[in-house]
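Q:
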Amino acid sequence: MHKSLKKYFPVFVMPVLAAFTVSFLAPFAMGVYLSFTRFKTVDSSEWVGFENYISIFTQDETFLYSLWLTVRFTVVSIITVNVLAFAVALLLTRKLKGINFFRTVFFMPNLIGGIVLGHIWSLIINGILGFYGVDITYDPSYGFWGLVVQMNWQMIGYMMIIYIAGLQNIPEQINEAAAIDGASPVRKLFSITLPMVMPSVTICTFLTLTNSFKLFDQNLALNGKNAETSLLALDIYKTFYDHTGLRLAEWHGIGQAKAVVFFLLVAVIAFVQLRVTGRKEVEH
Amino acid sequence: MAAIEFRNVIKRFDNGKVTVIPDLSLEIKDKEFIVLVGPSGCGKSTTLRMIAGLEDITEGELYIDNKRVNNVAPKDRDIAMVFQSYALYPHMNVYKNMAFALKLRKVPKKEIDKKVRWAASILDIEPYLDRKPRALSGGQRQRVALGRAMVRNPKVFLLDEPLSNLDAKLRTEMRSQITMLHKRLQTTFVYVTHDQTEAMTMADRIAVMDKGVIRQFDTPQKLYAEPADMFVAGFIGSPRMNFIECEIKRRNDYLTAEFAGNSLRIPSAKTKALEAYENRTVILGIRPEDISAYSGGMNMQESCVITANADIAEMTGGEVNVYFTLENSRCIARIRTERKITSGDKIKLLLDCNMAHFFDKETTKAIGRI
Amino acid sequence: MKTRRKAFNAVIYAVLILLAAVFLAPVFIVIMNSFKGNFYISEEPFTLPKDEKYVGIENFIKGFTQSDFLQAFLNSAVITVFSVAGIVLLTAMAAWYIVRIKNRFTKMLYYLFTFSMIVPFQMVMYTMTYFAFELDLNSIPGIVFIYLGFGAGLSVFMFSGFIKSIPAEIEEAAVIDGCDPIRTFFMIVFPILRPTAITVAILNAMWVWNDYLLPYLVLGSGEKRTLPVAVQMALTGGYGNKDMGALMAMLVLAILPIIIFYLFCQKYIIKGVVAGAVKG
Numbered sequence: 190m191h192k193s194l195k196k197y198f199p200v201f202v203m204p205v206l207a208a209f210t211v212s213f214l215a216p217f218a219m220g221v222y223l224s225f226t227r228f229k230t231v232d233s234s235e236w237v238g239f240e241n242y243i244s245i246f247t248q249d250e251t252f253l254y255s256l257w258l259t260v261r262f263t264v265v266s267i268i269t270v271n272v273l274a275f276a277v278a279l280l281l282t283r284k285l286k287g288i289n290f291f292r293t294v295f296f297m298p299n300l301i302g303g304i305v306l307g308h309i310w311s312l313i314i315n316g317i318l319g320f321y322g323v324d325i326t327y328d329p330s331y332g333f334w335g336l337v338v339q340m341n342w343q344m345i346g347y348m349m350i351i352y353i354a355g356l357q358n359i360p361e362q363i364n365e366a367a368a369i370d371g372a373s374p375v376r377k378l379f380s381i382t383l384p385m386v387m388p389s390v391t392i393c394t395f396l397t398l399t400n401s402f403k404l405f406d407q408n409l410a411l412n413g414k415n416a417e418t419s420l421l422a423l424d425i426y427k428t429f430y431d432h433t434g435l436r437l438a439e440w441h442g443i444g445q446a447k448a449v450v451f452f453l454l455v456a457v458i459a460f461v462q463l464r465v466t467g468r469k470e471v472e473h
Numbered sequence: 103m104a105a106i107e108f109r110n111v112i113k114r115f116d117n118g119k120v121t122v123i124p125d126l127s128l129e130i131k132d133k134e135f136i137v138l139v140g141p142s143g144c145g146k147s148t149t150l151r152m153i154a155g156l157e158d159i160t161e162g163e164l165y166i167d168n169k170r171v172n173n174v175a176p177k178d179r180d181i182a183m184v185f186q187s188y189a190l191y192p193h194m195n196v197y198k199n200m201a202f203a204l205k206l207r208k209v210p211k212k213e214i215d216k217k218v219r220w221a222a223s224i225l226d227i228e229p230y231l232d233r234k235p236r237a238l239s240g241g242q243r244q245r246v247a248l249g250r251a252m253v254r255n256p257k258v259f260l261l262d263e264p265l266s267n268l269d270a271k272l273r274t275e276m277r278s279q280i281t282m283l284h285k286r287l288q289t290t291f292v293y294v295t296h297d298q299t300e301a302m303t304m305a306d307r308i309a310v311m312d313k314g315v316i317r318q319f320d321t322p323q324k325l326y327a328e329p330a331d332m333f334v335a336g337f338i339g340s341p342r343m344n345f346i347e348c349e350i351k352r353r354n355d356y357l358t359a360e361f362a363g364n365s366l367r368i369p370s371a372k373t374k375a376l377e378a379y380e381n382r383t384v385i386l387g388i389r390p391e392d393i394s395a396y397s398g399g400m401n402m403q404e405s406c407v408i409t410a411n412a413d414i415a416e417m418t419g420g421e422v423n424v425y426f427t428l429e430n431s432r433c434i435a436r437i438r439t440e441r442k443i444t445s446g447d448k449i450k451l452l453l454d455c456n457m458a459h460f461f462d463k464e465t466t467k468a469i470g471r472i
Numbered sequence: 455m456k457t458r459r460k461a462f463n464a465v466i467y468a469v470l471i472l473l474a475a476v477f478l479a480p481v482f483i484v485i486m487n488s489f490k491g492n493f494y495i496s497e498e499p500f501t502l503p504k505d506e507k508y509v510g511i512e513n514f515i516k517g518f519t520q521s522d523f524l525q526a527f528l529n530s531a532v533i534t535v536f537s538v539a540g541i542v543l544l545t546a547m548a549a550w551y552i553v554r555i556k557n558r559f560t561k562m563l564y565y566l567f568t569f570s571m572i573v574p575f576q577m578v579m580y581t582m583t584y585f586a587f588e589l590d591l592n593s594i595p596g597i598v599f600i601y602l603g604f605g606a607g608l609s610v611f612m613f614s615g616f617i618k619s620i621p622a623e624i625e626e627a628a629v630i631d632g633c634d635p636i637r638t639f640f641m642i643v644f645p646i647l648r649p650t651a652i653t654v655a656i657l658n659a660m661w662v663w664n665d666y667l668l669p670y671l672v673l674g675s676g677e678k679r680t681l682p683v684a685v686q687m688a689l690t691g692g693y694g695n696k697d698m699g700a701l702m703a704m705l706v707l708a709i710l711p712i713i714i715f716y717l718f719c720q721k722y723i724i725k726g727v728v729a730g731a732v733k734g
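Protein chains in written order, with this note's numbering: chain C, 190 to 473; chain L, 103 to 472; chain R, 455 to 734.
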């Protein structure tokens, strides 16, 4: 069989490989190369070595600011999303009628795309701030917390599902044993339930981490115009496309260098994620 | 309905780095039921898969029905195969599983239906024709796999450990059903197993394989009575044959095999071959069932009485398996006795000299086999 | 004991209902505003569309006609359907080949596909756009091809995982029954892959339908724009006075298909989306 299948490479693999090469492999390789050049367009690149990487930290004021903002946003999101999702999951694993309805409702926002989602929240947040005569651009912290609220609205239902799966994996006998041993509900939560759902906690933590770190659409739609509330992905986008004029070539090189640094950060996070979660998977 | 012939077939894996079958020649007659038996990794499955065309032949030639098939695709070899895991198509019901090969060959619908129902009635799976494989028991799946092969009416039937996933009772039942099927279909069967009982009960001829080499290819009776070497002797028969180191000595007009202070008179039929081994060490082989409890008054020329310590005695119903140690080799005797034997007992055992086998210690080949 | 438990459950229900209200409120508010006059949306976003504020389906009519919403909707639908169909079929084929033909090249391909999953879009954003324009892929069929390339990573990864668990014996049985590789794939392997295919289809559908930046860069904001691009343009475009009523109607129309899809295939979606996340 496998002898005869081997000849079918052009049929089975070629279409995907061609598309993959055009949309990922070649752009990736060229992206790495361009980060070491100064270019207005791809055809007119000029080798500058590590100059772009140095410029990120010396010439460009936005990168470190966005990085710090992204880190703060990520940390706050991880904590709020996971605590709330876990609490909701605890409520929804009780044997009550109508649980499915709540599950459906809580998961729903996850399916709404980032752009639409951002504009919905923009209306609401600006509506509330309107009572005080200001809007979301008035104070960067409004924008920051707006992003956090939005992230929670979108991610809680998602993480909740993973936590529910984790909670349902705890054998009933362990809970019964704890009840016989006379553990109080709070004690049970911290000494039995939490340790048992640690695999889910790890997965959810990293999922929130990568999702927050790479956030773009929601950021663009909610408060994209404000530089003070631009996360890293949006900042890179702006470095490429919001500059005009003579120094365009310089900014393209810096943008690409930022993208490489961004990629390396995400790669490190993903690598740690693989290491920590190992092959743990949630059963359904 | 076809003969199969291997001519000096060699099989290497991993770009020639690993040789699984160094040099295989084997002739299988038309309509024969052949069992390839051996421990796991002996190359028996590879041999079967070469017949099927699932594995390439590195060197040498393979003929089916006098036609060289080295480069013939599996579907054009007119063979059918039953796999160890049954390999039923999980998304098709039983009927479609069985009809699939015929449908691919564009057999008319009416004829397909006739053949599927014919196979289903023989195998007793008619009530399950519209069930999916996952709704069947292991035994039922096994029968569907057989049925899928039957409807093809192939020249050669290949079976790769088809019973190893069944429980013991079902296995015995299916054994006789497959034998019956062979009689009924009148085709060549090649059957792979690691279970010597299956081989012995089903085969016309058995090929015992070890490390890619056929050690002996013969009828079950011959394999049992005249094993070619220690490997075959040890593999065929259960519990396995006892091997005891002994020295050949001459006593007046006859030879004896001496071990642990015991002396066994060599029957005249084997004397000639063993003369060359006088004063040398050979391996004496005796099957557990050729050892009995000694109760006195026997012809001492034909047998040998030894005294042993029963390390363990296991009751298995009509018989007792007695484990004892002789010359550092662990031995088993399967004896019928009224007397109760318990572990630690001193017992007298009678070895049947006419059933003794002798093997060369270096080559492990049987001595005196023509 | 029993009454205490009952009281406790009542508290839980109260909390859940409150939470559900909070979760539904944003969508509700948008729907509510889509029936209100322009002025009232920005001035009183949290009031009901009553009396003089109520304008019926006027906003929806405007949303449809003014911004050529229908065109964007159709573009998105066509792109999503073809991309998802292409990704599911072609990546399943590639994954089967990669898993069954074991050599250094296929192993390398597998690692490259897996690797592509962790690379953020911004890394290839500029250069990918360059290639898309150089190769004339800045069209609807072109972006389907690009989506195939971007979707390949996760999809090949998910299919490979499942294919590894299918015993090769089933495929060998098919070969003996008379299948060539093409038939083995379409008649045996692909039907067995069905559960994973559904998951892959849902994940990619959600992604392509909601994706903004890639179609914006490749197709622009002209007549080939997709729904998210149209929404973004309408809300932030520099046409001076924004017609808030039409925008609200657009938001509602953008959410509606997803919610209907969700209510019908909820079970598959939750399972699929979470399985994808946990594996990816």
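No residue lacks a Cβ here, since even glycine has one placed at the ideal position from N, Cα and C.
Keep in mind the model is a prediction, meaning the values are calculated, not measured.
Please list the segments of the beta strand (DSSP E) lying wholly inside the stretch 340-397 of chain L, counting only runs of 3 or more residues, in order along the chain.
A: 344-353, 356-361, 364-367, 383-388 and 393-395
Q: When every heavy atom of the ligand SAH is checked, does at least one fall within less than 7 Å of the C-beta of Tyr326/L?
A: The ligand SAH is not among the ligands present in this structure, which contains no ligands whatsoever.
Q: Does any C-beta atom of chain R lie closer than 8 Å to the C-beta of Ile181/L?
A: yes
Q: Is Gln343/C helix, strand or coil by DSSP?
A: helix
Q: Counting only beta-carbon separations shorter than 8 Å, does Tyr321/C have a partner in chain R?
A: no
Q: With a CB to CB cut of under 7 Å and the five nearest residues on each side skipped, what residues in its chain are close to Val643/R?
A: Trp550 and Glu625
Q: Once you ignore the five residues that flank Thr282/C on each side, which residues in its own chain have a CB closer than 8 Å to its CB?
A: Ile353, Leu356 and Gln357
Q: Does the pairing of the stretch 235-254 of chain C with the stretch 440-455 of chain C give three or more beta-carbon distances under 8 Å?
A: Segments in contact, yes.
Q: Got a sec? Which residues, its chain only, sit under 7 Å from Leu190/L by beta carbon, not counting five neighbours each side?
A: Asn199, Pro235, Arg243, Val246 and Ala247
Q: Tell me whether the beta-carbon of Thr670/R lies closer than 8 Å to the beta-carbon of Val654/R.
A: Note that residue 670/R is Tyr in the sequence shown here, rather than Thr. No; because the gap between Cβ atoms is not below 8 Å, this pair is not in contact.
Q: Where do the ends of the alpha helix (DSSP H) carrying Asn427/R lie?
A: Since the first residue shown for chain R is 455 and the last is 734, residue 427/R is missing from the structure and cannot be characterised.
Q: DSSP three-state call for Thr121/L: helix, strand or coil?
A: In the three-state reduction of the DSSP assignment, Thr121/L falls in the strand class, which pools E and B.
Q: Shortest alpha-carbon distance to Val422/L belongs to which of Thr295/L, Glu391/L and Pro124/L?
A: Residue Glu391/L is the option with its Cα nearest to Val422/L.
Q: Who are Glu235/C's beta bridge partners in DSSP?
A: Arg227/C
Q: Between which residues of its own chain and Leu701/R is the CB-CB distance below 6 Å, once the five residues before and five after are set aside?
A: Ala688 and Leu689
Q: Nearest to Asn168/L by CA position, among Thr358/L, Ile112/L, Ala104/L and Ala371/L, is which residue?
A: If we check each option's Cα against that of Asn168/L, Ala104/L comes out closest.
Q: Answer yes or no: do Ile458/C and Phe405/C have a C-beta to C-beta separation smaller than 8 Å?
A: no
Q: Counting only the same chain and skipping the five closest in sequence on each side, list residues whose C-beta sits under 7 Å from that of Ser127/L.
A: Phe108, Arg109 and Asn110
Q: Who are the near neighbours of Thr303/L in its chain, counting only those whose CB is closer than 7 Å to its CB and skipping five residues on each side?
A: Excluding residues within five positions, the ones whose Cβ falls inside 7 Å are Arg277.
Q: Skipping 5 residues on each side, what residues in its chain have a beta carbon closer than 8 Å to that of Gly220/C?
A: Gln445, Ala448 and Val449
Q: Run through DSSP, which three-state label would Phe291/L get?
A: strand
Q: Would the stretch 451-459 of chain L count as touching the stretch 253-267 of chain C if we require 3 or more Cβ pairs under 8 Å?
A: no
Q: In the DSSP output, what is Ala182/L paired with across the bridge?
A: Answer by DSSP bridge pairing, in chain order: Phe259/L.
Q: Exposed or buried, Lys469/C, counting other C-beta atoms within 10 Å across all chains shown (16 or more means buried)?
A: Its pLDDT being 46, under 50, Lys469/C is placed unreliably in this model, and the value from its coordinates should be taken loosely. In summary, Lys469/C is exposed, with fewer than 16 beta-carbon neighbours lying within 10 Å of its beta-carbon over all protein chains present.
Q: For Met219/C, return the contacting residues in chain R, with the cut-off set at a CB-CB distance below 7 Å.
A: Result: Thr581.
Q: For Ser570/R, return the contacting residues in chain C, with the cut-off set at a CB-CB distance below 9 Å.
A: Neighbours of Ser570/R on chain C, chain order: Phe209, Phe213, Leu214 and Phe217.
Q: Let me make sure I understand the geometry here. Which of Ile620/R, Ile471/R, Lys490/R and Val629/R has the alpha-carbon closest to that of Leu502/R?
A: Lys490/R
Q: Figure out for me which residue from Thr457/R, Arg648/R, Ile617/R and Lys556/R has the closest Cα to the Cα of Tyr722/R.
A: Arg648/R
Q: Of the residues that make up the stretch 154-179 of chain L, which ones have a beta carbon closer than 9 Å to any beta carbon in chain R?
A: Ala154, Gly155, Leu156, Ala175, Pro176, Lys177, Asp178 and Arg179
Q: Between Ile555/R and chain L, is any beta-carbon pair separated by less than 8 Å?
A: By the rule that beta-carbons nearer than 8 Å mark a contact, Ile555/R does not touch chain L.
Q: Whose CA, out of Thr373/L, Phe185/L, Lys217/L and Asp312/L, lies closest to the CA of Phe333/L?
A: Asp312/L
Q: Hey, Pro124/L and Gly387/L: beta-carbon distance below 8 Å or not?
A: No; because the gap between Cβ atoms is not below 8 Å, this pair is not in contact.
Q: Mapping DSSP to helix, strand and coil, what is Glu161/L?
A: strand
Q: Please report the residue range of the beta strand (DSSP E) in which Ala231/L lies.
A: Sequence inspection shows Leu at residue 231/L; the Ala mentioned does not correspond to that position. Per DSSP, Leu231/L belongs to no beta strand (DSSP E) and is neither H nor E.
Q: In whole angstroms, give me the CA-to-CA distance for Gly307/C and Tyr331/C.
A: Between the C-alpha atoms of Gly307/C and Tyr331/C there is a straight-line separation of about 14 Å.
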